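Shown next, in structure tokens, is the structure this report addresses.
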Amino acid sequence: MAREQTGEAGRRKANAAAAKPDMVAAGGSDELLKYYRDMLLIRRFEERAGQLYGMGLIGGFCHLYIGQEAIAVGVQAAQKPGDQVITGYREHGHMLACGMDPKEVMAELTGRASGSSRGKGGSMHMFSTEAGFYGGHGIVGAQVSLGTGIAFANRYRNDKKVCFTYFGDGAANQGQVYESFNMAELWDLPVVYVIENNQYAMGTSIDRSSAETHLYKRGASFRIPGEEVDGMDVLAVKAAAEKAAEHARSGKGPYILEMKTYRYRGHSMSDPAKYRTRDEVDEVRKTRDPIDHIEELLEKKGFADEAALKAIDAQVKRIVADAAEFARTSPEPDPSELYTDVYTEVAV
Amino acid sequence: MTDVLMPALSPTMEEGTLAKWHVKVGDAVKSGDVIAEIETDKATMEVEAVDEGRIEALLVPEGTQDVKVNTPIARLSGETSVTPPTPNFEPASRAEASGDPRRSTPAPVAGPVAVCLPVADPELYAGVNLVKITVRDALRDAMAEEMRHDPDVFLMGEEVAQYQGAYKVSRDLLQEFGDKRVVDTPITEYGFAGLGTGAAMAGLKPIVEFMTFNFAMQAIDHIINSAAKTLYMSGGQIRASIVFRGPNGAASRVGAQHSQDYASWYGHVPGLKVLAPYDAADAKGLLKAAIRDPNPVVFLEHEMLYGTEFDVPEGIDWVVPIGKAKVRREGTGVTLVSYSRMVGLCLQAAEKLAEEGIEAEVVDLRTLRPMDIATVVASVKKTNRLVTVEEGWGPMGVGAEVCARVVELAFDYLDAPPMRVHQEDVPLPYAANLELLSLPSIEKIVKAAKIVSYK
Chain G
0 MAREQTGEAG
10 RRKANAAAAK
20 PDMVAAGGSD
30 ELLKYYRDML
40 LIRRFEERAG
50 QLYGMGLIGG
60 FCHLYIGQEA
70 IAVGVQAAQK
80 PGDQVITGYR
90 EHGHMLACGM
100 DPKEVMAELT
110 GRASGSSRGK
120 GGSMHMFSTE
130 AGFYGGHGIV
140 GAQVSLGTGI
150 AFANRYRNDK
160 KVCFTYFGDG
170 AANQGQVYES
180 FNMAELWDLP
190 VVYVIENNQY
200 AMGTSIDRSS
210 AETHLYKRGA
220 SFRIPGEEVD
230 GMDVLAVKAA
240 AEKAAEHARS
250 GKGPYILEMK
260 TYRYRGHSMS
270 DPAKYRTRDE
280 VDEVRKTRDP
290 IDHIEELLEK
300 KGFADEAALK
310 AIDAQVKRIV
320 ADAAEFARTS
330 PEPDPSELYT
340 DVYTEVAV
Chain X
0 MTDVLMPALS
10 PTMEEGTLAK
20 WHVKVGDAVK
30 SGDVIAEIET
40 DKATMEVEAV
50 DEGRIEALLV
60 PEGTQDVKVN
70 TPIARLSGET
80 SVTPPTPNFE
90 PASRAEASGD
100 PRRSTPAPVA
110 GPVAVCLPVA
120 DPELYAGVNL
130 VKITVRDALR
140 DAMAEEMRHD
150 PDVFLMGEEV
160 AQYQGAYKVS
170 RDLLQEFGDK
180 RVVDTPITEY
190 GFAGLGTGAA
200 MAGLKPIVEF
210 MTFNFAMQAI
220 DHIINSAAKT
230 LYMSGGQIRA
240 SIVFRGPNGA
250 ASRVGAQHSQ
260 DYASWYGHVP
270 GLKVLAPYDA
280 ADAKGLLKAA
290 IRDPNPVVFL
300 EHEMLYGTEF
310 DVPEGIDWVV
320 PIGKAKVRRE
330 GTGVTLVSYS
340 RMVGLCLQAA
350 EKLAEEGIEA
360 EVVDLRTLRP
370 MDIATVVASV
380 KKTNRLVTVE
390 EGWGPMGVGA
400 EVCARVVELA
410 FDYLDAPPMR
420 VHQEDVPLPY
430 AANLELLSLP
440 SIEKIVKAAK
450 IVSYK
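The listed protein sequences correspond, in order, to chains G and X.
Per numbering that gives the first Met the number 0, the first sequence starts with residue 0, numbered consecutively.
Per numbering that gives the first Met the number 0, the second sequence starts with residue 0, numbered consecutively.
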């Protein structure tokens, strides 16, 4: 995936006019096909994770990203090499978007030695320093302070990196979010706060939990600019993230993007989602689905016909099937792993 | 005739410098007039006259250092009652402000707190030049030396930079290292503990100062859930080389919310290292070790020790290894196990016990996690008797842990059931007499040692 990004960057450089947001938003063939494939990978991966959960192969809590794929993929497309990502526990999609191997992600879900955390983290606690992915955090809102700290390190080193810090509409009511906003703006930290507003904090709708439901305004009293973005449109997400990243990278401090989105499944696998109607979910799936949207665009522009799309789907299904098989058959961690990684050994 | 007394600027102040007189003999003053300036290493303030009268004598010359609290510093003529001046108080910290420095009657500032005995250790420091410095300056020196040594080390916290530290532990660091590396934070413990941990995850080595560990309760989620657990949850990928430090335990008369010992809270958590030094040499050597350690370290200091001087090795890179206890006094009669300020009480209790024919061995744990239980067990095998002393509450405490492990490892060597001395099982009271009753004391330690010695 990293190589594909380089190729895409190279293509953009060759065509300087494409740097204009409206032209980028128009999307070229390679670019749209990549987003389509990446979003589809996340959806099929999550569907399979749901199945494995039902089979008892995945334990504990498992929060699926289905419906929100355009956000992780669109923001990732706006990142530069070295930029960091941190989020909460609905993070499988971000990891795949970051370029982590679906096998190691799925194997972590099944608690195997070949998982990204060697089976010791699970669904909510995954990381990849190689991919610049800093978790995977299980405490609602904690990643906001941590991501602000990663941005602090970026500014300390003056390395022009940006930390993309994701959180949900539920976390947006945590006090530490505002403590972090304050320091981020006070010290001009290069952080983009990406609020994935999927309308429900577990079972509590945003109307019932938030006095100000327009979350992009939540930075106003800290002088942090914010805007609302259609989080179901990967091109809109990407364009907004590029603008926000440029703001942060140029030393102007944090930026807030409120991505309006929707999750199709329950909060976690154990949530029957009785707090909303079937019609509400169906309506979103029918009219706003991020993958359908790109599929239509690809066909309309003549970038891909039905056969080409089916080929991509088949390829993605194979990757996911291989990941599931790998995760099912990989060995559990050796009992000796119980006591490793509690402390970093001190070099003598 | 009224004596003007040296006022206390804070609950823990014992002495200060009379920096400047604003009046001279013969001047007429009225209530509220500023007559002098007083300084300590933590704060400065103006002294106001509380009575009308004429300055009859200035008893302490301008510039005199180490003037004890309640020493008469001037004499006013006039028929008024004996009252100390009302300090025009500038709080050095929230902790101090929450005490009541505006004393209306002279009170012994030391309260229930015993003087700590500086203890040199000639064996350990053989061949090394020793200088007397305070615990406060030892901590400062440790940070300064490590910041010179490693550009990734920085200090953040409330009032650490421009104010020079609420307790002046970070004095002069801003001047040497600038505001990039000595960072004043808003009063936002949860946020800046998380921010520091995030910076550590990205490879920096933050020192996060809490004005006191009482306020770190708002940040304990990041200390435990983010800093301590992430290495494990990430399969060894994400490190957090970070030090959380600040004063811990009871100061003096600051009440229940500002007077808690968190040693057992943090000592409970795998992934953390927990240090609680007693003297200045350990404060310096262990803090340097903590900053260099690649793991999250909770470093518990004691406000009552900040101003105490001890011998500290000079001119060498003085690093004390984490995880090693220290026998501070040898004896064969009973083992006293303690940490932080209580070590000083144990040493004084040992002197009293010696008068009664009981030679106590005093073990200073220094590191609470990982605990050097081998040193404790070796001592118990010699003395066959154990008393633990801690400033925190007893239930689920450090003493409970030490006793459990000694029972597991050296049951057959015990000649009496172990005893624990700890704070009484109540929130720390404010009233001086109740506070005294609540905290461990030399008398309580002596009593426990005699019980386990059947004397």
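A virtual CB, placed ideally from N, CA and C, is assigned to each residue, including glycine.
Quick caveat: nothing in here was measured; it's all calculated off a predicted structure.
According to DSSP, what are the bridge partners of residue i?
i, result
"residue 196(G)", "259(G)"
"residue 372(X)", "Beta-bridge pairing links residue 372(X) to no other residue."
"residue 85(G)", "164(G)"
"residue 299(X)", "245(X)"
With 16 as the cutoff for other CB atoms within 10 Å, does residue i come out buried or exposed?
i, result
"residue 0(X)", "exposed"
"residue 298(X)", "buried"
"residue 148(X)", "exposed"
"residue 116(G)", "buried"
"residue 425(X)", "exposed"
"residue 217(G)", "buried"
"residue 249(X)", "buried"
"residue 88(G)", "buried"
"residue 83(X)", "Residue placement at residue 83(X) cannot be trusted, given a pLDDT of 46 that sits under 50; the coordinates are not used to answer."
"residue 119(X)", "For residue 119(X), the predicted structure reports a pLDDT of 43, less than 50, and the residue's modelled location is therefore unreliable. A value from the coordinates is still provided. The residue is exposed, with fewer than 16 neighbouring Cβ atoms inside 10 Å."
"residue 292(X)", "buried"
"residue 225(G)", "buried"
"residue 177(G)", "buried"
Let me know the secondary structure DSSP gives residue i once reduced to three states.
i, result
"residue 401(X)", "helix"
"residue 91(G)", "helix"
"residue 63(X)", "strand"
"residue 78(G)", "coil"
"residue 161(G)", "coil"
"residue 292(X)", "coil"
"residue 327(G)", "helix"
"residue 328(X)", "strand"
"residue 233(G)", "helix"
"residue 150(X)", "coil"
"residue 246(X)", "strand"
"residue 178(X)", "coil"
"residue 56(X)", "strand"
"residue 308(G)", "helix"
"residue 101(G)", "helix"
"residue 29(X)", "coil"
"residue 286(G)", "helix"
"residue 226(G)", "strand"
"residue 359(X)", "strand"
"residue 387(X)", "strand"
Which first and last residues belong to the beta strand (DSSP E) in which residue i is found?
i, result
"residue 335(G)", "It is not in any beta strand (DSSP E) - residue 335(G) carries neither H nor E in the DSSP assignment."
"residue 335(X)", "333-337"
"residue 183(G)", "Taken as a continuous stretch (DSSP letters only), residue 183(G) belongs to no beta strand (DSSP E), being part of the alpha helix (DSSP H) at 174-185."
"residue 132(G)", "132-135"
"residue 15(X)", "14-20"
"residue 44(X)", "43-47"
Using a C-beta cutoff of 8 Å, does residue i count as contacting chain G?
i, result
"residue 455(X)", "Not covered by the structure: residue 455(X). The range shown for chain X is 0 to 454."
"residue 429(X)", "no"
"residue 160(X)", "no"
"residue 243(X)", "no"
"residue 187(X)", "yes"
"residue 232(X)", "yes"
Can you find a CB in chain X that lies within less than 8 Å of the CB of residue i?
i, result
"residue 195(G)", "no"
"residue 254(G)", "no"
"residue 175(G)", "yes"
"residue 117(G)", "yes"
"residue 181(G)", "yes"
"residue 152(G)", "yes"
"residue 124(G)", "yes"
"residue 165(G)", "no"
Between which two residues does the alpha helix (DSSP H) harbouring residue i extend?
i, result
"residue 72(X)", "Not the alpha helix (DSSP H): residue 72(X) falls in the beta strand (DSSP E), residues 71-76."
"residue 47(G)", "28-53"
"residue 289(G)", "289-300"
"residue 147(G)", "141-156"
"residue 206(G)", "205-208"
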